[in-house]
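Let me begin by presenting the structure, written as structure tokens, before commenting on it.
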Amino acid sequence: MGNLAHALTAIIRSWSPCTGLLRFFTLSLCMGLMACTSQPAEYTCSPEAIRLNWAASADLKQTVATLSSAELMGRKTQTEGAAKARDYLNRQFQQLGLKPWGTTFEVPFEYSTLFSQEVGSNLVALAPARQPTDKWRIVVAHYDHLGIKGGKVYHGADDNASGVAALLAIANHWQAQQRAAPDSLPNINLMFVATDAEEPGLFGSTALVEQLKQRMPEAQFELMLNLDMIGHPSRPYAIYLEGSRNFYQFPQFRPMLNQSNGLCIKLSHPKPVGRSIQSTNWLRASDHYPFHQAKIPWLYFGVPTHPQYHTPEDTYETLDYVFLAAVAESAFELIKLDGNFLKN
1 MGNLAHALTA IIRSWSPCTG LLRFFTLSLC MGLMACTSQP AEYTCSPEAI RLNWAASADL
61 KQTVATLSSA ELMGRKTQTE GAAKARDYLN RQFQQLGLKP WGTTFEVPFE YSTLFSQEVG
121 SNLVALAPAR QPTDKWRIVV AHYDHLGIKG GKVYHGADDN ASGVAALLAI ANHWQAQQRA
181 APDSLPNINL MFVATDAEEP GLFGSTALVE QLKQRMPEAQ FELMLNLDMI GHPSRPYAIY
241 LEGSRNFYQF PQFRPMLNQS NGLCIKLSHP KPVGRSIQST NWLRASDHYP FHQAKIPWLY
301 FGVPTHPQYH TPEDTYETLD YVFLAAVAES AFELIKLDGN FLKN
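Just so we're aligned, residue 1 is where the sequence shown starts under the UniProt record's numbering, counting upward by one.
Encoded structure:
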């Protein structure tokens, strides 16, 4: 806490007999000035600024290497590789002590393409609240990718083994905190979802939204956080966050996100310049879009498309695991925010 914060704290204490209105005004002034003065005008977007708190980059690397291995054959929906990915995720959810959303973690769904009727399978795991509540927050990362094309495996390390690895790390840390320091977490239900069939058309997340409406009509969904392509930083060395306009109090908690571990967070992806960045509709680009259509508040962490995107070269060796760990930590900070910040 800086000198200004100390001074304002002293003022508040000296004015303690005053009216509630004056206290409110003073506290508001204090928070505003602290937010302004404790942050540089521009955040440092560099690897040297990262200071990890709990996420283990080696563990994230191992998860990404497993999911993007040739053995899983690109994890295309309805393939043997996708089934192997589900087996792996089932084991991970069980080891973390999460609860299934039904009898098993796998939640199948049907979807139609131009030529056929298909079947996909999301994996849904729950971390129930300490006390009964209707409040829910959802962490989503799609596990499917493009499979094998022309005899080449499309490994999908960044897209999206990186997001699934972060989801597992967040679930692991949440469970650990629930045991060690439960009062540090809000009393909410958490749902962790590894979605299928994102690549052919966001079918897994679309099915999930419909199932939420049918099975949980009384639930209060405070936040859906989508993690999709979060391991391959570009220039600047930053993660991009879409959806902040959904939360009118976002400017109040954004400084905390940047300060937590030094990760540079940019609001909205860069605009296309020449041919350097592919033009993308980020609202419709990933699994947050069906939640947007259902008016469920959402945020989306991702990096811009890069040369390895949707190529066989999207391998685990190309990712930055300190960066990925920092994104996982920042995502955790969003998940545990006080509910008052998430009002929209």
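The beta carbon of each residue, even a glycine, is placed where N, CA and C say it ideally should be. The structure presented is a predicted model; accordingly, all values stated were derived computationally and were not measured.
What did DSSP end up calling F24 once you bin it into helix, strand or coil?
-> On the sequence shown, position 24 is the one that residue 24 refers to. With a pLDDT of only 39 at F24, under 50, the local geometry of the prediction cannot be trusted, and no value is derived from it.
Determine the direct distance from the alpha carbon of G156 to that of S57, and round the result to whole angstroms.
-> By one-based count along the sequence shown, residue 57 stands at place 57. By one-based count along the sequence shown, residue 156 stands at place 156. So the two alpha carbons sit approximately 18 angstroms from each other.
Is there at least one non-hydrogen atom of the ligand FAD closer than 7 angstroms to the beta-carbon of A328?
-> Looking at this structure, you won't find the ligand FAD or any other ligand, since it has none at all.
Sequence-distant residues of its chain with Cβ nearer than 7 angstroms to S46 (five each side left out) | Within the sequence shown, residue 46 is the residue found at index 46, counting from 1. The residues are Y237.
Residue range of the alpha helix (DSSP H) that includes W174 | As a first step, residue 174 is located in the sequence shown; it is residue number 174 there, counting from the start. Per DSSP, W174 belongs to the alpha helix (DSSP H) from 162-180.
In whole angstroms, what separates the C-alpha of D287 from that of E333?
-> By one-based count along the sequence shown, residue 287 stands at place 287. By one-based count along the sequence shown, residue 333 stands at place 333. So the two alpha carbons sit approximately 20 angstroms from each other.
Rounded to the nearest angstrom, how far is the Cβ of P108 from that of S121, given a contact under 8 angstroms?
-> Residue 108 sits at position 108 when you count from the first residue of the sequence shown. Residue 121 sits at position 121 when you count from the first residue of the sequence shown. The C-beta separation of P108 from S121 comes to about 5 angstroms, placing the pair in contact by the 8 angstroms criterion.
Who are the near neighbours of H188 in its chain, counting only those whose CB is closer than 6 angstroms to its CB and skipping five residues on each side?
-> Taking the first residue of the sequence shown as position 1, residue 188 is located at position 188. This sequence places Ile at residue 188; His is not what is there. Contacts found: A129, K135, R137.
Nearest to P251 by alpha carbon, out of T133, P290, L342?
-> What you label residue 251 is simply residue 251 of the sequence shown in a count that begins at 1. Nearest C-alpha to P251: L342.
For the alpha helix (DSSP H) that E110 lies in, which residues bound it at each end?
-> Here residue 110 corresponds to residue number 110 of the sequence shown, with the count starting at 1. Per DSSP, E110 lies in no alpha helix (DSSP H); the unbroken beta strand (DSSP E) holding it starts and ends at 106-112.
Indicate the three-state DSSP secondary structure (helix, strand or coil) for T37 in the structure shown.
-> Here residue 37 refers to the residue found at position 37 of the sequence shown. Its pLDDT being 34, under 50, T37 is placed unreliably by the model, and the measurement read from it follows with that caveat. DSSP places T37 in helix when its eight states are reduced to three.
In angstroms with no decimal places, state the Cα-to-Cα distance between A49 and T103.
-> The count along the sequence shown starts at 1 and reaches residue 49 at position 49. The count along the sequence shown starts at 1 and reaches residue 103 at position 103. C-alpha separation (whole angstroms): 44 angstroms.
Euclidean distance between Cα positions of V303 and V153 = Counting from 1 along the sequence shown, the entry for residue 303 is found at position 303. Counting from 1 along the sequence shown, the entry for residue 153 is found at position 153. If you take the alpha carbons of V303 and V153, they lie about 22 angstroms apart.
Give the straight-line distance between the Cα atoms of Q95 and A331, rounded to the nearest whole angstrom.
-> As a first step, residue 95 is located in the sequence shown; it is residue number 95 there, counting from the start. As a first step, residue 331 is located in the sequence shown; it is residue number 331 there, counting from the start. The straight-line gap from Cα to Cα measures roughly 21 angstroms.
How big is the Cα-Cα spacing for H6 and F253?
-> The count along the sequence shown starts at 1 and reaches residue 6 at position 6. The count along the sequence shown starts at 1 and reaches residue 253 at position 253. Residue placement at H6 cannot be trusted, given a pLDDT of 40 that sits under 50; what the coordinates show is reported in the next sentence. Cα to Cα, H6 sits roughly 20 angstroms from F253.
Own chain, CB closer than 8 angstroms to M216, minus 5 neighbours either side, in chain order | Residue 216 sits at position 216 when you count from the first residue of the sequence shown. Non-local beta-carbon contacts of M216 in its own chain, meaning distances under 8 angstroms to residues more than five positions away in sequence, involve W136 in chain order.
Terminal residues of the continuous alpha helix (DSSP H) containing V209?
-> Residue numbering aside, residue 209 sits at position 209 when the sequence shown is read from its first letter. Per DSSP, V209 belongs to the alpha helix (DSSP H) from 203-215.
Residue from N90, D144, L263 with nearest C-alpha to T79 | For the purposes of this step, residue 79 is taken as the residue at position 79 of the sequence shown. Nearest neighbour of T79 by Cα position, chosen from N90, D144, L263, turns out to be D144.
Take D196 as the anchor and find which of A176, L146, Q178 has the nearest alpha-carbon.
-> Position 196 of the sequence shown, counted from the start, is the residue given in the question as residue 196. The shortest C-alpha separation from D196 is found at L146.
Considering only residues of the same chain and omitting the five flanking positions on each side of L185, which have a CB-CB separation below 6 angstroms?
-> Against the sequence shown, residue 185 aligns to sequence position 185. If the five residues before and after L185 are omitted, its C-beta is found closer than 6 angstroms to the C-beta atoms of Q177, K336, all from its own chain and listed in chain order.
8 angstroms Cβ cutoff met for L227 and A141 | Translated into the one-based positions of the sequence shown, residue 227 becomes position 227. Translated into the one-based positions of the sequence shown, residue 141 becomes position 141. A distance below 8 angstroms separates the beta carbons of L227 and A141.
Across which residues does DSSP place T79 in a beta bridge pair?
-> Taking the sequence shown and counting its residues from 1, one reaches residue 79 at position 79. DSSP links T79 through a beta bridge to no other residue.
Flag this pair as yes or no: are the beta carbons of L98 and A127 separated by less than 8 angstroms?
-> Along the sequence shown, read from residue 1 onward, the residue named residue 98 stands at position 98. Along the sequence shown, read from residue 1 onward, the residue named residue 127 stands at position 127. Contact flag set, yes.
For G81, the nearest candidate out of Y289, R91, S69, Q92 (CA to CA) | The residue you call residue 81 lines up with position 81 of the sequence shown. Nearest C-alpha to G81: S69.
Using the Cα positions of A85 and A165, report the straight-line distance between them to the nearest angstrom.
-> In the sequence shown, residue 85 corresponds to position 85, counting from 1. In the sequence shown, residue 165 corresponds to position 165, counting from 1. A85 and A165 have their C-alpha atoms some 12 angstroms from each other.
Which of helix, strand or coil DSSP assigns to P100 = Position 100 of the sequence shown, counted from the start, is the residue given in the question as residue 100. Assigned with DSSP and collapsed to three states, P100 falls in strand.
Thinking just about the alpha-carbon of each residue, which of H269, F93, Q308 is nearest to the one in E106?
-> Sequence index remark: in the sequence shown, residue 106 carries index 106 (1-based). Looking at the Cα atoms, F93 is the closest of the given residues.
Specify the secondary structure class of Y300 as computed by DSSP and reduced to three states.
-> Position 300 of the sequence shown holds residue 300. Looking at Y300 - three-state DSSP - the assignment turns out to be strand.
Given L52, which residues of its chain have a CB within under 8 angstroms of its CB, disregarding the five upstream and five downstream residues?
-> If you number the sequence shown from 1, residue 52 lands on position 52. Hits under 8 angstroms: N261, V322, A325, A326, E329.
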